[in-house]
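Protein chains: 4
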Amino acid sequence: MSGKKTVGIGLVGAGFMGRCHANAFRSVGGLFDLPVAPALEILADATEQSARRAAAELGFNRGTGDWRLLVADPAVDIVAVTAPNALHEPIVLEALAHGKAVYCEKPLSTTAASALRMTEAAEAAGALTVVGFNFLRNPMIRLAREIIDAGEIGEVASFRGRHAENYMADPNVPHSFRTDPAGGGALADIGSHVISMARHLLGPIDGVSAESRTIHSSRPVSPGSDKRAPVEVDDVTHALVRFGNGATGTLEANWAATGRTMDLSFEIAGTRGAIAFSQERMNELLVWTPGRDGRTGFTRIESGPAHPPYGRFCPAPGHHLGFNDLKVIEVAELLAAFAQGSKGYPDFREAYEVQRIVDAMQRSAKNGLWTGL
Amino acid sequence: MSGKKTVGIGLVGAGFMGRCHANAFRSVGGLFDLPVAPALEILADATEQSARRAAAELGFNRGTGDWRLLVADPAVDIVAVTAPNALHEPIVLEALAHGKAVYCEKPLSTTAASALRMTEAAEAAGALTVVGFNFLRNPMIRLAREIIDAGEIGEVASFRGRHAENYMADPNVPHSFRTDPAGGGALADIGSHVISMARHLLGPIDGVSAESRTIHSSRPVSPGSDKRAPVEVDDVTHALVRFGNGATGTLEANWAATGRTMDLSFEIAGTRGAIAFSQERMNELLVWTPGRDGRTGFTRIESGPAHPPYGRFCPAPGHHLGFNDLKVIEVAELLAAFAQGSKGYPDFREAYEVQRIVDAMQRSAKNGLWTGL
Amino acid sequence: MSGKKTVGIGLVGAGFMGRCHANAFRSVGGLFDLPVAPALEILADATEQSARRAAAELGFNRGTGDWRLLVADPAVDIVAVTAPNALHEPIVLEALAHGKAVYCEKPLSTTAASALRMTEAAEAAGALTVVGFNFLRNPMIRLAREIIDAGEIGEVASFRGRHAENYMADPNVPHSFRTDPAGGGALADIGSHVISMARHLLGPIDGVSAESRTIHSSRPVSPGSDKRAPVEVDDVTHALVRFGNGATGTLEANWAATGRTMDLSFEIAGTRGAIAFSQERMNELLVWTPGRDGRTGFTRIESGPAHPPYGRFCPAPGHHLGFNDLKVIEVAELLAAFAQGSKGYPDFREAYEVQRIVDAMQRSAKNGLWTGL
Amino acid sequence: MSGKKTVGIGLVGAGFMGRCHANAFRSVGGLFDLPVAPALEILADATEQSARRAAAELGFNRGTGDWRLLVADPAVDIVAVTAPNALHEPIVLEALAHGKAVYCEKPLSTTAASALRMTEAAEAAGALTVVGFNFLRNPMIRLAREIIDAGEIGEVASFRGRHAENYMADPNVPHSFRTDPAGGGALADIGSHVISMARHLLGPIDGVSAESRTIHSSRPVSPGSDKRAPVEVDDVTHALVRFGNGATGTLEANWAATGRTMDLSFEIAGTRGAIAFSQERMNELLVWTPGRDGRTGFTRIESGPAHPPYGRFCPAPGHHLGFNDLKVIEVAELLAAFAQGSKGYPDFREAYEVQRIVDAMQRSAKNGLWTGL
Ligand SMILES: NC(=O)C1=CN([C@@H]2O[C@H](COP(=O)(O)OP(=O)(O)OC[C@H]3O[C@@H](n4cnc5c(N)ncnc54)[C@H](O)[C@@H]3O)[C@@H](O)[C@H]2O)C=CC1
Ligand SMILES: NC(=O)C1=CN([C@@H]2O[C@H](COP(=O)(O)OP(=O)(O)OC[C@H]3O[C@@H](n4cnc5c(N)ncnc54)[C@H](O)[C@@H]3O)[C@@H](O)[C@H]2O)C=CC1
Ligand SMILES: NC(=O)C1=CN([C@@H]2O[C@H](COP(=O)(O)OP(=O)(O)OC[C@H]3O[C@@H](n4cnc5c(N)ncnc54)[C@H](O)[C@@H]3O)[C@@H](O)[C@H]2O)C=CC1
Ligand SMILES: NC(=O)C1=CN([C@@H]2O[C@H](COP(=O)(O)OP(=O)(O)OC[C@H]3O[C@@H](n4cnc5c(N)ncnc54)[C@H](O)[C@@H]3O)[C@@H](O)[C@H]2O)C=CC1
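Sequences listed follow chains A, B, C and D, in order.
The numbering of the first sequence is my numbering, which starts it at 74 and goes up by one.
The numbering of the second sequence is my numbering, which starts it at 74 and goes up by one.
The numbering of the third sequence is my numbering, which starts it at 74 and goes up by one.
The numbering of the fourth sequence is my numbering, which starts it at 74 and goes up by one.
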């Protein structure tokens, strides 16, 4: 219909994130003015059957139970990886070997060592890579970054961030790849989001001191099972952090935070102003800057067309964005980078840096020492 | 790809709402499990050129500058109308004459008399009709309705609602179809939203007493023009309302509400509980119900999979919906009704009832009297 | 101890407000730098016994069961009236006859006619009068007034106010002076607060159209009684209002507002800015004024020393004021006016104007017509 | 007037807190039903002149420039200490030597060693002691404690607290006792508040790991001076904490928190529920407990008569308390303990425990190690 160059998409995984990726690839063309159009070529899932069903539902031309076929398929230009974390490395390495661009869900892998292998392979291949830290795509986060970069809040002095949800608060939530000792735990799963946010806004982290805790010592081995197995990963991690620019602060990853469903939040105090945000109210940014005595306070800025790329979704303010829209923005930037041959962001190198911090926190939580990076 | 029966979509208008409809039709298939799949057949816009460009951008097979061709086209099953209000009646009547189902933006028309003609034509044709009161589709509004219907807040005693935005607050915003004396004004434009909400939640309105005011007496005749013309419609209308169930309250429509971008909000007091909502925080519903002394308060419920059809967008709570998602829900319900041959909601009859209230308020604002319905 | 001239205080009534007045008179001297010091001379209550007990508890020298003795006592300079509304007129008239200054709780009386008699008597006597509309004393309200008066939000276009509480929401709350057909009802009781607020901030009201409703048709005749008697006053009143300056809006008085304990709130839209406030968060004022595109929003100003007379209570911001502090401010202004021989505010004339509006709304609610003032 | 036994009060210091204490002693008798009545005997300040003036203003019988006279005076039963921190120990030890009860502002002293000396002296003397951690007196905090103690949120798993203000955010705020290397710094000054809160709600803290930072390296030596001297204390301290009950968390003390005036706040996650609070909205407690699917959320409980001793201030809900009211509650509990001969809370022992934690954090911040307690 559009006569645009098409880009073949191969999607691995059809769960929570797989569906979200599929939706983004379907929507993006009608919202963003892109030089290329995604073509939903192949979907790979755990089994042939589930892959076929999902492909039909989500609008892919073909389904396969074998991701190896997908990453090797000539119709596929970009491989989107939404399989469990432990599969990221094998899938990605093989996709890179076939010369594909790779769009991988966070965390990049289960260990920093693995993430580094993936990063080096991608850099050697000169491949476009993007990692799914979708919360960075929020126009309100873009605004926060602009305010900081412009020096409007002075020098950043303190960062207090967390990612707190309650999806593992119930001790009867069963084991899954999320509790796998290899790469699981609250810190790896959602701590990676708030670490990426901290880096995105403040830059490098130099040192960490962390404290981890397993609140529920056992969980059912699988959904509905009476058998329980011990939990070896953290439910909650609190960490002190030192940034390269001198700022200090704390980060928390907590998947047993009763009452919270998406408190990816932070407060940044600069020497002349402050910024506060929570993903629970993702269309609002609270900003404090100096002003007339008795007239200052946090200003609640609501997202609108003045905050790109909000205008792509709606020409009027007040019509808020939702979570899925963040993924659409991510995919738009991925496709633009693909079309232009430019670098992706956050790329594997950036995701590896996040992973190094996760690893450093895990080591610190074990040995009780500050850990440099 | 899916083998589903397709439903041909003809979209009239490619502005703010036209793009929103197009996006919804593109997305809905991957999110909802529908028996039919929409096929984006024709897009009609003001000119041939703009229609062709928009068709390409939004993924329609064809574009036309003449909506008469669209409504007559055999490939079109559903005509979606997002043209300016004054065009709704001619387009809809002709679409009905061709046996089409009609999905029309709100307000249904510029006067109650016109809306009644459209309603009667649709009923005579036995056509499926749906009107774009998208805010009713919010899972949080569905929850509010369930709470009221189950009697959880007792008998509803009072409703205090408004739709307040600031898009006309600046006296230099020019004239447009929104300020057309035939069917324009804040009350018709956004008052219709809060009236439909009030009816959706509390049922029929029996009487109104209204007060309208034009804050800015003139506006530029067109964008960028130095010439100004008088404004003949209301910038703000406040009204007293009496509901059929005995409840009383107020409604406000205000498009000059400085500081507000989407305060479609209400507070409902029942004899045993209360509900409060604002579209500014569309993923939250505040509910008060009796409890242990000293432990009660408004509970801030966040939307999640427990609130259908949220789960269609995301299997986990905390990942909020955005405005465009409401349109996707609307389109899903439209297509389901089309596939099942069932009635749409809100249909023309319902939209006509809304329009009668708009009209009654306009009359009351002129003569200063309570007006029955 | 201080050598300051003392002012003899006679307090009539030792209930909710009586105790609040007593506390204010005790505290004020240590907080405000006043030229006079209040001396707590006599307290009158319904019976000799309760008056004596209350006098001892609240620090008055003497107690009496006969307010006639109090208003005639030469040691008394200021008569503070916190008895039920129906007693305001007789007490006040006699106090004025004895040349006293009068500090009377709101509403001034049970009817506008009565309030006018009191006002004329006070003006004839040249007496200092102050009426207890304590919510006007809030430093945040003073700020709101300054912002409006300075034209910072442009011309005021719309006022949306209410005073909503839940203290009569339960149909088993018994009758009291508050439900007395002579001067009772939600509108008289708390509507008077929001009317005084509206006048304080926007000036005269020219016309009203009101709708009243009795939600609970009967109540126990007295606490604990099984016998019920019909309710003849309003539980909730909604009104349209037109201000002298051209602004329009709504006012609500609701004592059956489930979930609300003190929603004396308003939103004011001016042509260039907006102000929002709720007594539920009495230390915050939300202000919107124009600014850089994409950077505006409501600013949450917290009360502090920059907002007089906050500094009298605390030299540092963040240490919020409470309700009783508002009464201390009221008493400080009363005593300062007494010492300087200046006029009080809001005086009887102002309270009479409020009462006229209450009366006009009551008439409008009966006859369904707009009522001029 | 009341015939009650009087208790002689000697107040040292007439600054911010001195005035607040004086107000509380003046007000308390009319609000609380106490067996004793405070008599404001002597006020000591830095100079004879300032003491005399303050005594007159605040209602004390006498003023003195020598606190030694005050603590020795037979008319004084309770010595209230609101002098700068470094003076706490000498004043308190001498007051104890004279057999007085002591009511001392926080922090108890400048070092843990000093606080221990004071504690042991008080215990040896069998003296009543109370320390001014007034934030614990909030009815909402009492409610939080009850909810925790009753197990309503299950086992407490995580505590995230801070005390953040902005009073030192400006590098031109001069040196004062608050920046004295002996006992100064954000951690000692306001960190003590959030530490006392954490202990009050969760019990003992076993270990800490802290990170301190001086944001502004120099400040004027005195108000208005051009001369600057280096700052040797922390502007912000972040700490990891381990509680005796197994919970983990973070604490922050920050007096350079731009935008914040009183964010003494915490969020507590238990295994079955959660509590959140900020002193910025001191009349609200947010509580999450399990409930019907899709109906849970944080409930905003507003303070009212159901939350003792709120009812002492007002018989109706919605009439919020202010900061000064917390001090009145503190003084009421002090006087009640004095009259009954019972122990005070928080007493010196408790304040010493707080101080030990401050000290441990300071050591940890220096050596970078976890520090046990
Ligand atoms: N960016 C974000 O906000 C989020 C990112 N994620 C990330 O997305 C990834 C997937 O998580 P979810 O979608 O929540 O998990 P999920 O369990 O819902 O989905 C995983 C999918 O992978 C498929 N799969 C398993 N083995 C496979 C194989 N051998 N070949 C092909 N497919 C296979 C499963 O059948 C399933 O469809 C994880 O890396 C996770 O960390 C998850 C949720 C949110
Ligand atoms: N449901 C909602 O929340 C909203 C509903 N609306 C409604 O949607 C309708 C359109 O409003 P907007 O999209 O905001 O206006 P718009 O001005 O952005 O778009 C109107 C479109 O109609 C086209 N048009 C004009 N004359 C035409 C003709 N003769 N044939 C075909 N197309 C023609 C224009 O070229 C333009 O593309 C109105 O009825 C409005 O009330 C608008 C905004 C929000
Ligand atoms: N400014 C404000 O925010 C408020 C004002 N009010 C006003 O204060 C007044 C009193 O209300 P509440 O204190 O709530 O009532 P209340 O019922 O608590 O107290 C009334 C007091 O008047 C006494 N009284 C009755 N008859 C008397 C008599 N013949 N002589 C002397 N005392 C007599 C009663 O014994 C009782 O102590 C009313 O006018 C009410 O509208 C009440 C609450 C809040
Ligand atoms: N509980 C709370 O929320 C707060 C507690 N504080 C504590 O209260 C204490 C005092 O702090 P502020 O009132 O803010 O200080 P401030 O500087 O306002 O007042 C200190 C007072 O002590 C007096 N003073 C100094 N030397 C003296 C001497 N030799 N003899 C007698 N008086 C002397 C000064 O003249 C001044 O009146 C500190 O320990 C501080 O930590 C302060 C603020 C809030």
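Idealized CB from N, CA, C, for every residue including glycine.
Predicted, not measured: the structure shown is a model, and the values here were computed from it.
* Asked: I think residue 191(D) touches residue 201(D), with their Cβ atoms under 8 Å apart; what is that distance to the nearest whole Å?
  -> 14 Å between Cβ atoms; not a contact.
* Looking at the structure shown, is residue 140(D) part of a helix, part of a strand, or coil, going by DSSP? -> helix
* **Span separating the alpha-carbon of residue 168(D) from that of residue 421(C)** => 53 Å
* Where does residue 147(B) sit, in a helix, a strand or coil, going by DSSP? -> coil
* To do: Indicate whether residue 147(D) and residue 86(D) have their beta-carbon atoms separated by less than 9 Å.
  => no
* Asked: How would you list, in chain order, the residues of chain D whose beta-carbon sits under 9 Å from the beta-carbon of residue 393(C)?
  -> 335, 352, 353, 354, 355, 356, 393, 394, 395 and 396
* When Cβ atoms are compared, which residues of the region 359 to 372 of chain D fall closer than 8 Å to chain B? -> 360, 366, 367, 368, 369, 370, 371 and 372
* Asked: With burial defined as no fewer than 16 other Cβ atoms inside 10 Å of the residue's Cβ, what is the status of residue 212(B): buried or exposed?
  -> buried
* **Cβ pair count under 8 Å reaching 3, the region 323 to 330 of chain C against the region 232 to 242 of chain C** => yes
* With 16 as the cutoff for other CB atoms within 10 Å, does residue 447(A) come out buried or exposed? -> Nothing about residue 447(A) can be read from this structure; chain A reaches only from 74 to 446.
* To do: Please check the pair residue 97(C) and residue 404(C), which I expect to be a contact at CB under 8 Å, by giving their CB distance rounded to whole angstroms.
  => 4 Å
* Which residues, in chain order, does the region 198 to 226 of chain B contribute to contact with chain D at a C-beta distance below 8 Å? -> 216
* Report whether the distance from the Cβ of residue 267(D) to the nearest heavy atom of ligand 4 is below 8 Å. => no
* Can the beta-carbon of residue 260(C) be found less than 9 Å from the beta-carbon of residue 214(C)? -> no
* Asked: Considering only residues of the region 84 to 124 of chain A, which uninterrupted alpha helix (DSSP H) runs meet the minimum length of 4 residues and lie entirely inside it, listed in chain order?
  -> 89 to 104
* Asked: In chain order, which continuous runs of the beta strand (DSSP E) of length 3 or greater are located wholly inside the region 322 to 352 of chain B?
  -> 336 to 343 and 347 to 351
* To do: With a threshold of 8 Å, establish whether the CB of residue 128(B) neighbours any heavy atom of ligand 2.
  => no
* From what residue to what residue does the beta strand (DSSP E) around residue 216(D) run? -> No beta strand (DSSP E) contains residue 216(D), which is instead part of the alpha helix (DSSP H) from 212 to 222.
* To do: Could you tell me whether the Cβ of residue 284(C) comes closer than 9 Å to any Cβ of chain B?
  => yes
* If we ignore side chains and look at the alpha-carbon of each, how far apart do residue 254(D) and residue 262(D) end up? -> 12 Å
* Interface flag, residue 325(A) vs chain G, CB-CB below 9 Å -> Looking for chain G here will not work: the only protein chains present are A, B, C and D.
* To do: Could you spell out where the alpha helix (DSSP H) holding residue 163(C) opens and where it closes?
  => 158 to 170
* Name the one or two DSSP bridge partners that residue 80(A) has. => 111(A)
* Roughly how far, in whole angstroms, is the beta-carbon of residue 440(D) from the beta-carbon of residue 394(D), given that I think they are within contact range, below 8 Å? -> With 8 Å as the limit, residue 440(D) and residue 394(D) do not qualify as a contact, their Cβ atoms being about 42 Å apart.
* Asked: If we cut at 9 Å on Cβ distances, does residue 233(A) have a partner in chain D?
  -> yes
* Chain-ordered neighbours of residue 158(D) on chain C, where CB pairs are closer than 7 Å -> Within 7 Å Cβ-Cβ: nothing; residue 158(D) doesn't reach chain C, min ~17 Å.
* Just the C-alpha distance for residue 152(B) and residue 382(B), rounded to the nearest angstrom, thanks. => 24 Å
* Endpoints, the beta strand (DSSP E) within which residue 273(D) is located -> Run containing residue 273(D): none in the beta strand (DSSP E); it sits in the alpha helix (DSSP H), 265 to 275.
* Asked: Using the beta-carbon of each residue, which ones in chain A are nearer than 8 Å to residue 375(C)?
  -> 370
* To do: Could you work out which residues of chain B lie near residue 240(A), taking near to mean beta carbons separated by less than 9 Å?
  => 389, 390 and 391
* Whose Cβ in chain C lies nearer than 9 Å to the Cβ of residue 102(D)? -> 99, 130, 131 and 132
* Backbone secondary structure at residue 200(B) - three-state DSSP -> coil
* **Reduced DSSP category for residue 278(B) - H, G, I as helix; E, B as strand; rest coil** => strand
* To do: Compare the C-beta of residue 236(D) with all C-beta atoms of chain B and state if any pair is closer than 9 Å.
  => no
* Coarse secondary structure for residue 436(C), derived from DSSP in three states -> helix
* Range of the contiguous alpha helix (DSSP H) that encloses residue 206(A) -> Per DSSP, residue 206(A) belongs to no alpha helix (DSSP H) and is neither H nor E.
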